[in-house]
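K.L.:
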Amino acid sequence: MTVTASPTSVRQGIAAAADLLDKAGIATAHNDAELIIGSVLGVGRTHLYLGGSTTLEDRHRSQIDELVSRRARREPLQHILGSVTFRRVEIAIDGRAMVPRPETELLAGAVIDHLDLERAQGTREPLAVDLCTGSGAIAAAIADEVRGVRLWAADISADALDLARQNFESLPEGRRPQLCHGDLFAPLPRALAGRVDVIVANPPYVSSSDIAGLDPEVRDHDPLVALDGGADGLGLIRRIVGEAADWLRPEGLLAMEIGESQWPIVAGLAVDAGLLVRPPGLDYLGVERFLLASRLTGDCGARLGTHRDRTEIEK
1 MTVTASPTSV RQGIAAAADL LDKAGIATAH NDAELIIGSV LGVGRTHLYL GGSTTLEDRH
61 RSQIDELVSR RARREPLQHI LGSVTFRRVE IAIDGRAMVP RPETELLAGA VIDHLDLERA
121 QGTREPLAVD LCTGSGAIAA AIADEVRGVR LWAADISADA LDLARQNFES LPEGRRPQLC
181 HGDLFAPLPR ALAGRVDVIV ANPPYVSSSD IAGLDPEVRD HDPLVALDGG ADGLGLIRRI
241 VGEAADWLRP EGLLAMEIGE SQWPIVAGLA VDAGLLVRPP GLDYLGVERF LLASRLTGDC
301 GARLGTHRDR TEIEK
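Right under this line is the structure:
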């Protein structure tokens with residue numbers, strides 16, 4: 001598919017690419033055209049237009065044609081560019097894990113603020129767990145922004161963990177999260193039981209019957225294991241909420257992304273699990289997108305860890 005004719009200026013190339021993407025049904029056509037052409041030329045948006053009258057070289061036109069054609073076939077822009085900026089960190093992205101969404105940055109921000117407050121009020125290093133870590137975006141952002149945090153990142157997908165490991169390599173060695181391969185809490189060290197300051201999770205929450213109706217970028221390119229939350233979308237959410245109190249320290253926080261309209265049900269599950277539910281976190285559209293709930297004081301988390309286990313985590 002030819003997007004750019006010869007000769008073509010940068011400005012003309014953007015217009016032609018945006019027109020093709022718009023006809024393909026892509027709502028962010030102009031934005032995507034700018035980012036694709038900018039990536040090929042190795043410049044940002046400002047420089048694109050400063051050099052808007054510059055004629056594109058043949059090698060650049062060929063690359064632009066290929067990448068725009070891929071986007072027109074509804075391949076995610078992040079896969080085409082190879083990465084996405086998540087808060088302050090650059091996250092490599094491919095088909096091994098779900099593309100991080102902009103609203104998930106809000107979840108990471110809430111966790112970072114909570115951990116910063118914990119550190120300011122105490123003398124110990126805060127402990128955090130990222131379940132369903134996927135690409136590792138949330139864990140990487142926490143490690144990047146919270147000084148001294150001790151962080152575990154878990155996922156059932158070995159492929160996703162390989163991608164997360166790649167993304168953690170950009171962090172200083174002493175700040176890299178520890179990776180755990182397995183189902184939710186199962187692979188975590190038992191020494192963490194009752195001691196975790198924050199559990200953060202972005203689990204699959206789409207109902208199985210709704211998968212087919214998702215945008216092609218999501219349905220055809222994100223791993224099914226990262227999307228499918230079971231018959232009602234709450235399969236993993238129920239398990240996380242039900243087990244969270246065993247791992248959180250008293251007043252520790254569970255912060256979890258959930259689907260639109262799920263908050264009343266999930267809040268009820270949290271109450272039933274003995275958690276104190278906070279007001280819901282809202283996404284950019286004002287949707288109740290995040291469950292924020294705390295473990296009540298008591299000893300319900302102690303039963304999973306022995307004294308020896310808890311001593312080991314302090315070494």
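Residue numbers (this note's numbering): 1 to 315. Glycine included, C-beta positions come from ideal geometry on N, C-alpha and C.
(1) Between which residues of its own chain and R147 is the CB-CB distance below 8 Å, once the five residues before and five after are set aside?
(2) Tell me which residue opens and which closes the beta strand (DSSP E) that F86 is part of.
(3) Beta strand (DSSP E) containing Q178: first to last residue?
(4) If the criterion is Cβ atoms closer than 8 Å, does the pair L151 and A128 meet it?
(5) Considering I199, what are the terminal residues of the beta strand (DSSP E) in which it resides?
(6) In chain order, which beta strand (DSSP E) runs of at least 3 residues are fully inside the segment 40–106?
(7) Determine the direct distance from the alpha carbon of V206 to that of D299, and round the result to whole angstroms.
(8) Please state the DSSP three-state secondary structure of G242.
(9) Where do the N-terminal and C-terminal ends of the alpha helix (DSSP H) with E145 fall, by residue?
(10) Work out the CA separation of A29 and P216 for me, nearest whole Å.
(11) Considering Cα atoms alone, identify which of A141, G230, L236 is closest to V84.
(12) When the distance is taken between beta carbons, is M98 closer than 8 Å to A226?
(13) Going by DSSP in three states, G252 sits in which element: helix, strand or coil?
(14) Once DSSP output is grouped into helix, strand and coil, what is the label at D130?
(15) Using a 10 Å radius around the Cβ and a threshold of 16 neighbouring Cβ atoms, would you call D197 buried or exposed?
(16) Whole-angstrom Cβ separation of G44 and G38, contact assumed at under 8 Å?
(17) Do you know offhand how far P264's Cα is from S9's?
(18) Compare the Cα-Cα distances from V68 to each of D32, T55, V89, I91 and report the closest residue.
P.N.:
Judging by the given coordinates:
(1) Taking the sequence shown and counting its residues from 1, one reaches residue 147 at position 147. The answer, listed in chain order, is R119.
(2) On the sequence shown, position 86 is the one that residue 86 refers to. Residues 83–86.
(3) Against the sequence shown, residue 178 aligns to sequence position 178. Element bounds for Q178: 178–181.
(4) Counting from one through the sequence shown, the residue named residue 151 turns up at place 151. Counting from one through the sequence shown, the residue named residue 128 turns up at place 128. Their beta carbons are under 8 Å apart, which means L151 touches A128 by this criterion.
(5) In the sequence shown, the residue the question calls residue 199 occupies position 199. Here the beta strand (DSSP E) through I199 covers 196–201.
(6) 83–86, 89–92
(7) Position 299 of the sequence shown, counted from the first residue, corresponds to residue 299. Position 206 of the sequence shown, counted from the first residue, corresponds to residue 206. Interpretation of D299 is limited by its pLDDT of 47, a score under 50 that renders its predicted location unreliable; the figure taken from the coordinates is listed afterwards. In a straight line, the C-alpha of D299 is about 34 Å away from that of V206.
(8) Locating residue 242 in the sequence shown gives position 242, where the first residue counts as 1. Of the three classes helix, strand and coil, the one that applies to G242 here is helix, per DSSP.
(9) Within the sequence shown, residue 145 is the residue found at index 145, counting from 1. It spans 137–145 - the alpha helix (DSSP H) in which E145 sits, taken as one unbroken run.
(10) Taking the sequence shown and counting its residues from 1, one reaches residue 216 at position 216. Taking the sequence shown and counting its residues from 1, one reaches residue 29 at position 29. Distance between the alpha carbons of P216 and A29: 15 Å.
(11) Reading the sequence shown from its first residue, position 84 is the one you call residue 84. Nearest option by C-alpha distance: A141.
(12) Locating residue 226 in the sequence shown gives position 226, where the first residue counts as 1. Locating residue 98 in the sequence shown gives position 98, where the first residue counts as 1. A contact, by the Cβ cut-off of 8 Å.
(13) Position 252 of the sequence shown holds residue 252. Strand, per DSSP.
(14) Position 130 of the sequence shown, counted from the start, is the residue given in the question as residue 130. It is a strand residue.
(15) If you number the sequence shown from 1, residue 197 lands on position 197. The residue in question, D197, is buried, as its Cβ has 16 or more Cβ neighbours within 10 Å.
(16) Within the sequence shown, residue 44 is the residue found at index 44, counting from 1. Within the sequence shown, residue 38 is the residue found at index 38, counting from 1. The pair is a contact, with the Cβ atoms about 6 Å apart (cut-off 8 Å).
(17) Your numbering for residue 264 matches position 264 in the sequence shown. Your numbering for residue 9 matches position 9 in the sequence shown. If I take the Cα positions, the gap works out to 53 Å.
(18) For the purposes of this step, residue 68 is taken as the residue at position 68 of the sequence shown. The shortest C-alpha separation from V68 is found at D32.
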